[in-house]
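There are 2 protein chains.
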Amino acid sequence: MAQDLTIGALAKRAATKVQTIRFYEQEGLMPAPARTDGGQRRYAKAHADRLAFIRHARELGFPLDAIRELLHLVDKPDQPCARVDRVATDVLADVEAKITRLISLRGELQRMVRQCRHGRVAECRVIKVLADHSHSHCLSDDHGH
Amino acid sequence: MAQDLTIGALAKRAATKVQTIRFYEQEGLMPAPARTDGGQRRYAKAHADRLAFIRHARELGFPLDAIRELLHLVDKPDQPCARVDRVATDVLADVEAKITRLISLRGELQRMVRQCRHGRVAECRVIKVLADHSHSHCLSDDHGH
DNA sequence: CTTGAAGCTACAGCGACTGTAGCATGTAGG
DNA sequence: CCTACATGCTACAGTCGCTGTAGCTTCAAG
Chain E
431 MAQDLTIGAL AKRAATKVQT IRFYEQEGLM PAPARTDGGQ RRYAKAHADR
481 LAFIRHAREL GFPLDAIREL LHLVDKPDQP CARVDRVATD VLADVEAKIT
531 RLISLRGELQ RMVRQCRHGR VAECRVIKVL ADHSHSHCLS DDHGH
Chain B
431 MAQDLTIGAL AKRAATKVQT IRFYEQEGLM PAPARTDGGQ RRYAKAHADR
481 LAFIRHAREL GFPLDAIREL LHLVDKPDQP CARVDRVATD VLADVEAKIT
531 RLISLRGELQ RMVRQCRHGR VAECRVIKVL ADHSHSHCLS DDHGH
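This is the structure in structure tokens:
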């Protein structure tokens, strides 16, 4: 077919690395493509669409396992989409938890940096805050992670 | 000395795993402690302080390399703390970048989940949004990461 | 002296790639 | 037709910060 892509051309289109595509194939996320007589991969449009799906999901924070599940579900279009919804909601909850935690980290870091008087290490607030054991429990609600 | 701690007791105090402490020693973050005749580690208070410092810095998102640098600086208290400030500011910038990105992800995920009509997979908005290539560039300002 | 918890070393595994070494293939120009 | 040379191939190591496991030894209490 005329519109077949080499792995390099596909990688450029999807803004991924060549190795990443081979990695997705190995992980069962991308189907094995046709090969030339010499053994090189040649991709059709369906592969490009699938790769775009995977990349978009990855950018949104979906782990590969979740993407694998979504790809299975795409092949069963008559089923109810409750599981799709579940996967997406789980990712959303994960993203929200990360935001909450990072905002609390940002607060503590900002306080630390703001208090630094740019003197010598001996009296540096940053070092003092890090060394101060009494601060360390204010974030520990998450250490089970 | 009477106040020496086994690795297990130290781990419990610092809310870490035993293996994590050995890992920090191997990485040069924790100094090698005294050993019993049988070869078991025995820790003094200085080790507990150092471990608390490391753990607190880790909770704040400092990578181990940054912590290594801070620990070196702690041993040179007469130097200006500009480098300490630099390390902390870098971590803060990193945290802020992550927050910005995650908030944009959250927005897209919320839209996706909200539009789901809980029908069949064939007409699922979540799947459609993920498959739609035209959405995939709205976050790509960060793909260099 | 025995038992059982806790310690020891060494190494594999996680997630999601990324990089490297050492070849083979494909294609464009001469 | 031949030669460069970019690109492709496989296989495997490395990234980060731990965590878990196997197979053994040591310690402290009873």
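Chains E and B, in that order, give the protein sequences. So the mapping is simple: the numbering used here equals the position in the first sequence, first residue as 1, plus 430. So the mapping is simple: the numbering used here equals the position in the second sequence, first residue as 1, plus 430. Backbone N, C-alpha and C define an ideal beta-carbon position, used for all residues, glycine too.
Count the other CB atoms within 10 Å of the CB of residue i; is the residue buried (16 or more) or exposed (fewer)?
i: residue 465 (chain E); result: exposed
i: residue 431 (chain B); result: With a pLDDT of 45 at residue 431 (chain B), under the threshold of 50, the modelled position of this residue cannot be trusted; read the value that follows with caution. Exposed, since its Cβ has fewer than 16 Cβ neighbours within 10 Å.
i: residue 570 (chain E); result: Low per-residue confidence applies at residue 570 (chain E): pLDDT is 39, beneath 50, and the placement is therefore not dependable, though the value from the model is reported in the following sentence. It counts as exposed.
i: residue 446 (chain E); result: buried
i: residue 439 (chain B); result: exposed
i: residue 457 (chain B); result: exposed
i: residue 489 (chain B); result: buried
i: residue 441 (chain E); result: buried
i: residue 444 (chain B); result: buried
i: residue 449 (chain E); result: exposed
Measure the beta-carbon distance from residue i to residue j and round it to whole angstroms, keeping in mind my assumption that it falls under 8 Å.
i: residue 504 (chain E); j: residue 557 (chain B); result: 6 Å
i: residue 536 (chain E); j: residue 526 (chain B); result: 6 Å
i: residue 487 (chain E); j: residue 560 (chain B); result: 5 Å
i: residue 521 (chain B); j: residue 496 (chain B); result: 6 Å
i: residue 549 (chain E); j: residue 511 (chain B); result: 6 Å
i: residue 506 (chain B); j: residue 532 (chain E); result: Not confirmed; about 31 Å, so no contact.
DSSP puts residue i in a beta bridge; with which residues?
i: residue 454 (chain B); result: Beta-bridge pairing links residue 454 (chain B) to no other residue.
i: residue 510 (chain B); result: E:550
i: residue 464 (chain E); result: E:472
i: residue 440 (chain B); result: In the DSSP output, where bridge partners are listed per residue, residue 440 (chain B) has none listed.
i: residue 435 (chain B); result: B:473
- Query: When the Cβ atoms of the region 544-551 of chain B are set against those of the region 538-549 of chain E, are three or more pairs found closer than 8 Å?
  - Reply: The region 544-551 of chain B vs the region 538-549 of chain E: no contact.
- Task: Determine which residues of the region 497-511 of chain E have a Cβ less than 8 Å from any Cβ of chain B, and write them out in chain order.
- Result: Result list: 500, 503, 504, 506, 507, 508, 509, 510 and 511.
- Item | Contact list for the region 466-487 of chain B against chain E, Cβ threshold 8 Å | Those residues of the region 466-487 of chain B that come within reach of chain E (Cβ to Cβ, closer than 8 Å) are 479, 482, 483, 485, 486 and 487.
- Using a Cβ cut-off of 9 Å, which residues of the region 532-551 of chain B contact any Cβ in chain E, in chain order? Legend: CB atoms of the region 532-551 of chain B lying less than 9 Å from CB atoms of chain E belong to residues 532, 533, 535, 536, 538, 539, 540, 542, 543, 546, 547, 548, 549, 550 and 551.
- Query: What residues in the region 517-530 of chain B bring their beta carbon closer than 9 Å to a beta carbon of chain E?
  - Reply: Within the region 517-530 of chain B, the residues whose Cβ lies closer than 9 Å to some Cβ of chain E are 517, 518, 519, 521, 522, 525, 526, 528 and 529, listed in chain order.
- Residues of the region 437-458 of chain B whose Cβ lies closer than 8 Å to any Cβ of chain E, in chain order: Within the region 437-458 of chain B, the qualifying residues are 445.
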